[in-house]
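Novice:
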Amino acid sequence: MWNQFSLLGTGDGLALGNMLYLLVAFAFLMLLVKKYAWGPVTKMMDERAKRVAHDLDSAQEARIEAQALQQERQAALVAARNDANRIIADAKAAGTAQMEQIVADAQTKAQDVKEQAATQIAQDRQEALNAAKNDVAELSITIAQKMMQKELDIQEQKALIDAYIDGLGAQANGQQ
Numbered sequence: 041m042w043n044q045f046s047l048l049g050t051g052d053g054l055a056l057g058n059m060l061y062l063l064v065a066f067a068f069l070m071l072l073v074k075k076y077a078w079g080p081v082t083k084m085m086d087e088r089a090k091r092v093a094h095d096l097d098s099a100q101e102a103r104i105e106a107q108a109l110q111q112e113r114q115a116a117l118v119a120a121r122n123d124a125n126r127i128i129a130d131a132k133a134a135g136t137a138q139m140e141q142i143v144a145d146a147q148t149k150a151q152d153v154k155e156q157a158a159t160q161i162a163q164d165r166q167e168a169l170n171a172a173k174n175d176v177a178e179l180s181i182t183i184a185q186k187m188m189q190k191e192l193d194i195q196e197q198k199a200l201i202d203a204y205i206d207g208l209g210a211q212a213n214g215q216q
């Protein structure tokens with residue numbers, strides 16, 4: 041083992057002087073790198089790490105904001121659907137109420153027309169009864185007058201009454 045490290049560097053082994061020289065050169069090179077290159081390289085790596093972290097944070101914030109916007113749009117869509125359903129329900133209710141009002145008005149008018157017709161029929165009937173009473177009264181008076189003027193037998197009285205009734209029927213048909 042000692043023969044591998046020779047001070048003069050002769051032989052097959054690695055020279056101790058070369059090794060010390062390499063070690064000193066390496067240490068000196070490391071000091072130079074630390075003093076002049078390590079700071080800027082470290083600073084550049086730190087800045088890059090900060091930029092990557094910032095980009096990740098920005099992406100996370102954008103994702104959160106996008107989710108919030110999606111939830112807002114979803115809530116707005118649900119609210120719009122609810123409003124549309126409410127408007128449709130209100131319109132249906134108003135249409136039903138209007139239809140019921142129209143039907144109620146039509147029934148009221150029909151009832152009024154029916155009552156007016158019943159009143160008119162009652163008036164016409166009363167007028168017809170009054171006219172018949174007047175005709176019967178006039179007929180009775182006329183028959184009584186004719187009977188007083190001449191004595192009629194039963195056959196003649198019947199014929200006279202029938203003729204008078206036929207005359208009233210013809211007169212009633214002429215008025216209509």
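Per the numbering used here, residue 41 is the first one in the sequence shown, and the count goes up by one each step. Idealized CB from N, CA, C, for every residue including glycine. Quick caveat: nothing in here was measured; it's all calculated off a predicted structure.
1. Give the C-beta separation of Asp175 and Leu208 to the nearest angstrom, bearing in mind that I take them to be a contact with Cβ-Cβ under 8 Å.
2. Could you tell me which residues DSSP puts in a beta bridge with Ala168?
3. In whole angstroms, what separates the C-alpha of Asn43 from that of Phe66?
4. Assuming Ala65 is part of the alpha helix (DSSP H), what are its boundary residues?
5. Can we say the region 176-186 touches the region 153-167, given the rule of at least three CB pairs closer than 8 Å?
6. Within the region 109-179, note down every full alpha helix (DSSP H) run reaching 4 residues or more, in order along the chain.
7. Quick one: what does DSSP say Asp206 is sitting in, helix, strand or coil?
8. Quick check: the Cα distance between Glu87 and Ala119, rounded to an integer number of angstroms?
9. Just verifying my parser: in three-state terms, what is the DSSP assignment at Asp193?
10. Within a Cβ cutoff of 6 Å, which residues of the same chain sit near Asn125, ignoring the five residues on either side of it in sequence?
11. What's the C-alpha gap between Lys90 and Leu109?
Specialist: With the given structure in hand:
1. 5 Å
2. Ala168 pairs with nothing; no bridge assigned.
3. Low confidence applies here, because Asn43 scores a pLDDT of 48, under 50, leaving its location unreliable and the question unanswered by this model.
4. 56-72
5. no
6. none
7. helix
8. 47 Å
9. coil
10. none
11. 28 Å
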